[in-house]
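Read the structure below first, then the notes.
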Amino acid sequence: MDCSNTEVESRAPLCSPGPRELAGRVERGSQRKGDDLPTGPQQTVEHGFPNQPSSLAYDPKLRIMAVGTKSGAVKVYGAPGVEFTGLHKETAAVTQIHFLPGQGRLLSLLDDNTLHLWDIDQKDGYSHLEETRSFILPGRPGFDSTNSPPSITRVTVILLKSACDVACLGTEGGGVYFLELSGLTLLEDKTLYQEEIMQSVPDDYRCGKALGPVESLQEHPQDFSKILIGYSRGLVIVWDQSTRNVHHLFLGNQQLESLGWERSGRTVVSSHSDGGYMVWSINSSCHKTLQPLMSTIPYGPFPCKAINKILRRTCDSGNHFIIFSGGMPRASYGDRHCVSILQGQSLVTLDFTSRVIDFFTVHHTEPEEEFDNPSALVVLVEEELVVFDLKTPGWPTVPAPYLAPLHSSAITCSYHISNVPLKLWERIISAGEQQSPRHSSVNWPISGGKNLAQEPTQRGLLLTGHEDGTVRFWDASGVSLRPLYKLGTANIFQTDCEHSDCLNPASEEEWPPFRKVGCFDPYSDDPRLGIQKIALCKYTARMVVAGTAGQVLVMELSDEKSNHMISVAMVDLLQDREGFTWKGHDRLTPKNGSITFSPGFQPSVLVQCMPPAAVTAVTLHSEWNLVAFGTSHGFGLFDYYRRNAVLARCTLHPNDSLAMEGPLSRVKSLKKSLRQSFRRIRKSRVSGKKRVGANSSSSKVQEANAQLAEQAGPTDVEMTPVQRRIEPRSADDSLSGVVRCLYFADTFLRDAAHHGPTMWAGTNSGSVFAYALEVPSQEKFSERSVEALLGKEIQLMHRAPVVSIAVLDGRGNPLPEPYEVSRDLAKAPDMQGSHSVLIASEEQFKVFTLPKVSAKTKFKLTAHEGCRVRKVALVSFTSLACEDYTENCLACLTNLGDIHIFTVPGLRPQVHYDCIRKEDISGIASCVFTKHGQGFYLISPSEFERFSLSARNITEPLCSLELVRLRGTACHSPNFTGTPKLTQANGTHVLQGSEANGSPGDSTRTPEEPQAAFSPAPTDSPSSPESPLDTTGDITVEEVKDFLASSEEAERNLRNVSEEEARSPGILIK
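Quick note on our numbering: the sequence shown kicks off at 151 and runs consecutively.
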C-alpha cells in the first residue's frame, strides 16, 4: 500500500504475533503465548551519521572508536554491526572522550565541566555501554569562590596515564590535577599549580604574565613518569612526577595550539596560532632550556590561521608523516576546512565541506615496534567521517560500512523495499562499485569487537530521495546502513552549473594542493531537481522517480554503459480549464540529443506534468506497463510501453488558486490567507450554531451524558468513549485538489462477476476516483493501447484528505504485488469472495464492499482519539511460536507520534503506543513502515531511528568485546542492569515499556476472544454485537457515484441500502 510513497509494500498475507508492541495478541488459540511478544515498540538502532558531533576517540588495542555529540550522546563503533550507544543525563556537549586502552572503559568530559566514566560490560552474553561514575572538579583551595573566576578549574585537556589508573586534568587556570580513575577521587597531594612551574622559568620569560590555560598534556612514550605540558602562552615543559622537577623547558614565542611526541621520545612537535609548527629535540645531556630544531609555516609567508592539531608519525622508510589541521592562508583560504598530509616531498591538502572536529591515525602502538608505520587516517568533520588509506599511493579514501552521511544532500523522501531478489541486489551493488573506482580496497581499519547478530534473513533496501536530484540506495538489512549505489538525475536537464565541475581534482600548479574529499554537499544547483516520490518494482528492476518540477522519470536497470535519447511526453493536468494561470516555477528543460549513462538505472521516458507542480503521489504497475502520478492539479496515467498518456484528470476546485502558485513561489497573499482564516472561523461558528440548537435532540443527549458523568463515580460506571465532533471541511479550502495517493488493483469494479485492472486516486478534499482499465494481454501490448473508464467516485463525509487506499481480497488479505503470483512468490488472491476497499483518510479508516461500494465497517480515529492520520501501511506479522502463522494488520502513525494497530478487515483497534515526540514534525513526516513490522524515521537531518513492531523481526546491535582489565579496576555502579535504550542518542525521546497502552480490557480477555478479534468475518456477514458496525451517516453523506452500473441496478442497490438502514435501530446518526 503505497499512497504516501513511504511504503513499497502492499502485498498479501499479513500476520502478527504482535508488533514489537503488539502486547500479547497475535497468535490464535493455543499458539498465542504472551511471552512471545514484546511489551512496547522498541527503537532498536540509529542509522546514519551522528548529529552535531563534538569529539572523537580511538582505542588502538580494541580497535574501536567513540564519537561524542553536542546533545550528550556517546556512540562507540567497531567492526560493522558492533555498536554501543550511551546518553548522559545532562544534555551538555561532549567536549572530549578518552579510552582506557584495552579495558573497554572511557572517560568523557562535558561542556558543564563534569567528568563521566563509562564501562562496556557483559550482560546476558552481550556487551553494553553503561555510565558508572561522574565527577566535577572542585574549586581551588584557598581561593575565594565568590571572587575568583569560575573557569579557573575548568578542564581544558585530559591525559590518561598508560597504567590506566590516573587521569591528568589540565585547566584554564593553568593547574594540573590528578584523578584516581577507579573511584574518580582527586589526588590532592599531586596537584601541580602554575606557581611551582614559574620557579623554573627564566626571569626574562616571566614578564609578569601568566602562562595561560593548559593546552596539551602528553605522556612520555618511553618514560611514563614524565609528562609533556604545554601552556597557551607558548611555554612547554617536561615534568617529572616522581621528583616534581622540570627536566626541560621549551620557550615558545607563539600561542600554543597542540603538542605531540615522536615515538622514541627524542623529539617533540608543537603547532601554533600563526599557522606554523616547530620541532624540538630532547637530549638528556643538553641544557634544560631548549630551542627548536626547526620552525616553519607550511602555507606562509602570508598570515595563516592556527594549526589546531598536529601529529608526527614515523615510518621505517624514513619518510615520516606530518599531519595537521588548519594552517590555511588567512586571506585567501581562511574559510576552508582542511587537513594536510606531508610525507617527504609529498603534500596533499584535504579539503572538506564542513568543519574538522578531530582526527587520529591507525598505527602500530606495541612497545616492541620501532616505527609507527600508520596505515590509515580517520578524520571526523561536522557532517561526515572520512578514512584515508596511508599505505596506498595517492592516499585514497576507504569506503565506510557505516556512519554514512545520509544528508549529503537534504533528504526529501524515503522508500523501503523488503525481500529484494538476489539478482537485483547483485546488479545494484555492481553498479555502485563501478561508480567509485578510486576507492581503496583495504579492509575497514576500525575492526574491533564481534558481531553476534544472526545474518539477516532477507535483503532490505532503503531508498532516499534528495534535494539535489539524487536517489541513494542503502543496504538496510542489518544494523549498519551501508551505501550501495547513487542515482543522479541532474545530468538529464540543463542546469546553471554542471555538478561535476566542483569535484574535479586540483591541478598540479594549484597551491595549496587542494583535494576535494567527502561526499557532503548541501548545495543544490536547482531546487526543482528535488526528488519527491519514488516507486520501484523489484521483479522487473523498473523504477519511477518524480520531482519538484513535475518531472516523472521512468527508468530501467542496465548493466552496461549507454548513450541514448530520452523520450519526452507532456501531460496537461488542467485539461484546458479556464481561469487558472500557473504562477510557480518553470519546468526543467531536458538536454537535447543523446546522453551518456553509466551502468545502473537509466531513464527511458520523461513524463512532464503541466503545470510543473511538485509530484505528490506516484505508483507503478510493471505488469501492465503503467505509471500513475498526481500533483496539486490532478492525476495522470501513462503507458510507458507505448509511450503515450492514457488519462489526465483535473482535480482543482474553482477556488483552488493557491495550487497555482507552487511551493517555490513567493507571491502568496497575506491578506488572502487572513481572509480565508476568518471565513473558516465564521463558518465553523455558524455551522456550530445551526447544528446544536437549544432544544435539539443532540444537545439534550449531551446534557444527559454530562449529568450521568457527574453522578457516577470513576469506578461505578464504565463510560463509553466520547466521540469528538468533527466539523466538515469546506469544499473551497486551498489545495483541496492535491492528489494524496494512487493505487493499482485487479478487482471487481464493474460487477461482482468480472474482475479486471483498476486505478484508484484519493485527493486532499476526501474524493476517491476509481477507474476501470482495459489492459491488453502481454502479446498485444504493441497492438492495442490501454483505456481508462471512470467507474466510481466517492466523496467522504468530512472531506478529510485520503491518505491511503488498498483493496482486500475475499479473505481480507491485501492483493499481492505485480509478478508475485506468476513467479510463485505469493499466494493467489481469493477472487471468489467479494472484495472490499480500505480507504484511510486523515480522520478515519473505512472499508467498503466491492463492487457496490457500500460501507462495511469503519473506525473514526479523530473522533475517538483526537489525532489525525499521517502514515498508514499494511504490515505482516509472523508468530514467534509458529513461523507458518502470519496475520495482516493496519499500522497507523498519527500527528501525535502514536502508532495504532488495527485488524484487517475488521478495523478493531489492537494496541497503540507512543513512538515519536509529537513536537517532532519532521520525524513524523519522514516515517516509513516496512512490510514486516519495522519502520524508520528521521531523528535529525543525518540520522534514521529504526523501530520494530514485530517480536520476530528485530534489527538491533548484538555484539561483544573481549576485554583485558587490570585487577581491581572494575568499577560498576551498584544498580547496573545493562543498557536498555531509554533515550535516543540525540536526546529527543524516552521510550519505556510502561508507556505502551493497549486497548481497554486487554488484560481480562480470554484466549478465545483474541482469536475472534483476528478472524476475518465473511464479507457479507451481519455485524455482531461484539463488533458493532459504525454507520454514522455512511452512505447518506458519502456520496458514491457509480458510472458503470445500469439504472435498474443502481435503484436496486439504493433500495437495499434503505432496507439495511431500516433494520439497524438504535444507532445514532450524526
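Note that CB positions come from ideal geometry on N, CA and C, so glycine has one too. Here the structure is a predicted model, which is why all the values come from computation and not from measurement.
| Query | Result |
| --- | --- |
| For Asp1064, three-class secondary structure by DSSP | strand |
| Ser932 beta carbon near the ligand SAM (any heavy atom closer than 7 Å) | Looking at this structure, you won't find the ligand SAM or any other ligand, since it has none at all. |
| Sheet register partners of Cys669 (DSSP bridge) | Its beta-bridge partners do not exist; DSSP assigns none. |
| For Met760, the first and last residue of its enclosing beta strand (DSSP E) | Gly750 to Met760 |
| Local Cβ density within 10 Å of Thr1154, reported as buried at 16 or more and exposed below that | Low per-residue confidence applies at Thr1154: pLDDT is 38, beneath 50, and the placement is therefore not dependable enough to give any value. |
| Span of the beta strand (DSSP E) around Glu281 | Tyr276 to Ile286 |
| Reduced DSSP secondary structure (H/G/I, E/B, other) of Tyr227 | strand |
| Inter-residue spacing [alpha-carbon to alpha-carbon] between Ser559 and Leu500 | 20 Å |
| Burial state of Lys1002, where buried means 16 or more other Cβ atoms lie within 10 Å | buried |
| Alpha-carbon to alpha-carbon, Thr639 and Gln404 | 51 Å |
| CB of Asn458 within 8 Å of CB of Gly476, strictly | yes |
| Where the beta strand (DSSP E) through Gly912 begins and ends | Gly906 to Thr913 |
| Environment of Leu939 [buried if 16+ CB atoms lie within 10 Å] | exposed |
| Cβ contact check for the segment 622 to 631 and the segment 545 to 555: 3 or more pairs under 8 Å | yes |
| Rounded C-alpha distance that separates Val1019 from Asp508 | 43 Å |
| One or two residues paired with Lys996 in a DSSP bridge | Ile989 and Lys1008 |
| For Met444, the residue or residues it bridges with in DSSP | Val429 |
| For Thr1105, three-class secondary structure by DSSP | coil |
| For Asn1038, the residue or residues it bridges with in DSSP | Ser1026 |
| Check whether Cys1039 and Val1054 have beta carbons under 8 Å apart | yes |
| Cα-Cα separation, Gln644 to Gly700 | 15 Å |
| Proximal residues to Leu572 (C-beta, below 8 Å), its chain only, five neighbours per side dropped | Arg609 |
| Residue burial classification, Leu634 (beta-carbon count within 10 angstroms, cutoff 16) | buried |
| Exposure label - Asp1223; buried when at least 16 CB within 10 Å | Outside the shown range of the chain (151 to 1220) lies residue 1223, about which nothing can therefore be said. |
| Distance CB(Gly236)-CB(Leu265) smaller than 8 Å | no |
| Endpoints, alpha helix (DSSP H) assigned at Met348 | Gln344 to Met348 |
| Whether Val757 touches Ala798 by CB criterion (8 Å) | no |
| Proximity to Glu322 [Cα-Cα], best of Arg383, Leu310 and Lys273 | Arg383 |
| Sequence-distant residues of the same chain with beta carbon closer than 8 Å to His616, five excluded per side | Ser558, Ser559, Ala560, Ile561, Thr562, Arg622, Gly680 and Ile681 |
| Element boundaries [alpha helix (DSSP H), containing Leu574] | Leu572 to Gln585 |
| Segments of 3+ residues assigned as beta strand (DSSP E) that fall wholly inside the segment 506 to 560 | 506 to 512, 526 to 531 and 534 to 539 |
| Range covered by the beta strand (DSSP E) that runs through Tyr327 | Val326 to Glu330 |
| 8 Å CB neighbourhood of Ser744 in its chain, flanking five on each side removed | Asn713, His714 and Met715 |
| Alpha-carbon to alpha-carbon, Arg793 and Gln704 | Residue identity differs from the one stated: residue 704 is Val in this sequence, not Gln. Each residue's Cα considered, the two are about 10 Å apart. |
| Length of the line joining the Cα atoms of Ile684 and Val694 | 6 Å |
| Candidates Pro595, Ser591 and Asn569, of which the one nearest Ala526 by Cα | Pro595 |
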